[in-house]
Amino acid sequence: MSESGANRAHYRSTVDRLLRAEGWLLGLFFCHPRPGGPPFGSNPEQLAASWAQIGFHPLIWEPAQGSVAGRSEEWLGFWRKPEQRSA
-19 MSESGANRAH YRSTVDRLLR AEGWLLGLFF CHPRPGGPPF GSNPEQLAAS
31 WAQIGFHPLI WEPAQGSVAG RSEEWLGFWR KPEQRSA
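With my numbering applied, the sequence shown has no gaps in its numbers, which climb one by one up to 67 at the end.
Below, the structure written as structure tokens:
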């Protein structure tokens, strides 16, 4: 796993731990294929799958609109954490 991939996994686990059940996550993500960063790029489908894998449900996951010109690679995500998971 790349350094940016490891950081993303840590970010997801931290969000999952800090948000209470049925909490919301709003994020703006840079989805571009260029190597290196910042901003570090990502793939929209992979990001959506990684949030779904830990149970988050998207209300919005689409290219951001109304941003600064030249930033067409930003994606807006609005996800909800599921109800309390049973043990």
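Cβ coordinates follow ideal geometry from the N, Cα and C atoms, glycine included. If you're wondering where the values come from, they're calculated on a predicted model, not measured in any experiment.
In the assembly as shown, glycine 16 is an exposed residue. Its beta-carbon has fewer than 16 other beta-carbons within 10 Å. Following the DSSP letters along the chain, one finds proline 43 inside the beta strand (DSSP E) bounded by residues 37 to 43. For glutamate 53, the three-state secondary structure derived from DSSP is coil. Secondary structure of leucine -2 (DSSP, three-state): helix. Taking the Cα positions, cysteine 11 is about 25 Å away from leucine -2. For phenylalanine 10, the uninterrupted beta strand (DSSP E) segment begins and ends at 4 to 10. DSSP places serine 30 inside the alpha helix (DSSP H), whose first and last residues are 24 to 33.
Straight-line measurement puts the Cα of aspartate -4 at about 22 Å from the Cα of glutamate 54.
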